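Numbering (my numbering), first residue to last: 1 to 178. Cβ atoms here follow ideal geometry from the backbone N, Cα and C, with glycine treated the same way. None of these values were measured; they are calculated from a predicted model. Structure first, commentary second.
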């Protein structure tokens, strides 16, 4: 095996990325404190051609050099918006017939491996604060909750890790019917 050179990876230009058909996922980040977490989510969103990211509450916005450290330019490709109130965002998304799902540990959550995507359906995934998770009011407003099964002692994952796991799983299910 030989490691590929960057020139062999056939990366999209910024213009090509913006013109590409997007994966029908919207990522909602509510009250994320860490600029590095925000940047990491942008980078994941770029990797999987995510439609957009909605930054809510205290979540910082680009341009920001600390976000850029982990985003590595993904803030130039992935569409994003900022809104103060996550509850208003969830309500608006639902009016657009977008299924809203909190990524959280709650009663009656669906384990990620059991979640089935519907064809031609757009989803919004709501991720919450590093300490408090998705606010209860937001959980209550969402159409459902997805939980990442965890077997260790901590039962929590970094928000950027959670986003990567859930986005990859839904991307895979949407594109390869797995």
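- For the region 42-86, the full-length alpha helix (DSSP H) segments reaching 4 residues or more read 65-71 along the chain.
- The residue from 5, 133 and 164 with its alpha-carbon nearest to that of residue 86 is 133.
- For the pair residue 14 and residue 75, the CB atoms are not nearer than the 8 Å cut-off.
- For the set 130, 111 and 1, the Cα lying nearest the Cα of residue 151 is the one of 111.
- Secondary structure of residue 135 (DSSP, three-state): coil.
- Distance between residue 99 and residue 1, taken at the CA atoms: about 42 Å.
- The straight-line gap separating the alpha-carbon atoms of residue 128 and residue 17 is approximately 27 Å.
- Cα atoms of residue 106 and residue 147: separation of roughly 8 Å, rounded to the nearest angstrom.
- At the C-beta level, residue 124 and residue 93 come within 8 Å of one another.
- Where residue 101 is concerned, the enclosing beta strand (DSSP E) starts and stops at 99-103.
- In the DSSP assignment, residue 171 falls within the alpha helix (DSSP H) that extends over 159-176.
- Taking C-beta atoms as the reference points, residue 89 and residue 142 fail to come closer than 8 Å.
- Separation of residue 44 and residue 6 (C-alpha to C-alpha, rounded to the nearest whole angstrom) is 18 Å.
- If you check the CB distance, residue 69 and residue 36 come in under 8 Å.
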